[in-house]
Amino acid sequence: MLDQNYLIEKVRETALNDEKVSAVLMYGSFIRGEGDRFSDVEFYVFVRGDGELNKQKWIESIHPVDMYFTNEFGTDVVVFSNLIRGEFHFKPESEVVVVKEWEGLTSFEHKDKMNLVDKDGKLSDILENIRILSPVQDTPQNIEWLAQSLLNNLLFTKNVLQRKELAHAHHLFGYIQKYLLWLIRIRSSNIAHWESPTKKLEQDIPQNWYKFYMESVPIMNETSLKKSLIATFNNAQQLFQELNISENLSVLLHKITDDYIKSED
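Note that numbering that gives the first Met the number 0 has the sequence shown beginning at 0, numbered continuously upward.
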């Protein structure tokens, strides 16, 4: 039995035995059947009444903890003594409706496994009435938005690189890679792991598209950054053509590319 499965059962048991807890929703790798010994455990805990609960003490009752803190997103993050990461979102019971707001944004195809504990039936009611199990990501509108986002970050990175801010440019490539990968996943007809587009990438997309992605992953020196930027311009042009991106965006991509090439001559 994986240590993560032990922790999941302990969360279930702790919630069932705590009258303050109304429901627990689990998300992440284990609801998809993809969890392994390297995976995190992730939960939303809905608390009855005003939502008052000693969060740290509650988590520590599950398993010994080496570190606990609240990150920049307001998530309670824990490192258990067995070096497994946990993420906990504690919400008042009245905010269980937030799950409904995820409809169309995240996948609910494994919603039966998301419902870890539900004493009052509110979480079950919401999950049972979710209409969109798996969001459609390859609509023309979304593809156009992804292309716009990629162009925005390509221009930003080009300008920063030309200013010789190598560390800043290297950081911005993370945004380029995200939007590029989403377009690649659409082009290769594999939108699995959409929320984390690098997850299982080696298995999810064909080798030629994986090579495209690798060409957009520079090391932090000027030569590598410039090489990756040019490669990304070229690969984006192919993607724009194959995905039938609107002409005005294709023209803008060529304009940005030409401006950069001329500046480097």
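Glycine is no exception: its CB is placed at the ideal position from the N, C-alpha and C atoms.
Everything numeric in this text was worked out from a predicted model, so none of it was measured.
- If you compare the alpha carbons of Ile30, Tyr43 and Gln176 with that of Phe89, the shortest gap goes to Tyr43.
- Per the coordinates, the alpha-carbon of Leu115 lies some 32 Å from the alpha-carbon of Leu180.
- Residue nearest to Val23 within the set Glu8, Leu242, Met213 and Met66 is Glu8 (criterion: CA-CA distance).
- Counting every other CB atom within 10 Å of its CB across the protein chains shown gives Val135 a total below 16, marking it as exposed.
- The alpha-carbon of Lys225 is positioned some 49 Å away from that of Pro91.
- In the DSSP assignment, Glu201 falls within the alpha helix (DSSP H) that extends over Leu200 to Asp203.
- The C-beta distance from Ile204 to Asn189 rounds to 6 Å, short enough to meet the 8 Å contact threshold.
- Restricting attention to Asp258, Ile58, Asn233 and Lys112, the CA atom closest to the CA of Gly34 is found in Lys112.
- Separation of the CB atoms of Glu102 and Ile61 is rounded to 30 Å, and the pair is thereby denied contact status at 8 Å.
- Counting every other CB atom within 10 Å of its CB across the protein chains shown gives Glu41 a total of 16 or more, marking it as buried.
- Annotation: Ser93 is outside any alpha helix (DSSP H) and is labelled neither H nor E by DSSP.
- Counting only residues of its own chain and dropping the five nearest sequence neighbours on each side, Ile255 has a CB closer than 8 Å to the CB of Leu150, Leu153, Leu154, Lys157 and Phe232.
- Residue ranges of uninterrupted alpha helix (DSSP H) with 4 or more members, entirely inside the region 147 to 192 and ordered along the chain, are 165 to 186.
- Excluding residues up to 5 positions away in sequence, Thr105 lie with their Cβ nearer than 7 Å to the Cβ of Glu194 in the same chain.
- Residue pairing by DSSP places Asn114 opposite Leu24 in a beta bridge.
- Shown here, Thr231 sits in a helix according to DSSP, grouped into three states.
- The alpha-carbon separation between Ala191 and Lys177 amounts to approximately 14 Å.
- Rounded to the nearest whole angstrom, the C-alpha separation of Met66 and Ile83 is 11 Å.
- DSSP places Phe37 outside both helix and strand once states are collapsed to three, so it counts as coil.
- The DSSP-derived three-state label of Arg84 is strand.
- In this structure, DSSP gives Val46 an extended state, which the three-state scheme calls strand.
- Taking each of Met213, Gln161, Asn81 and Leu242 in turn and checking the Cα distance to Lys261, the smallest one comes out for Gln161.
- With respect to the C-alpha of Ile185, the residue from Asp257, Gly27, Glu246 and Asn141 having the closest C-alpha is Asn141.
- Using a Cβ distance threshold of 8 Å, Leu248 and Gln236 do not count as a contacting pair.
- With at least 16 other beta carbons inside 10 angstroms of its own, His169 counts as buried.
- DSSP places Asp65 in the strand class (E or B) of the three-state scheme.
- Taking the Cα positions, Asp75 is about 27 Å away from Leu171.
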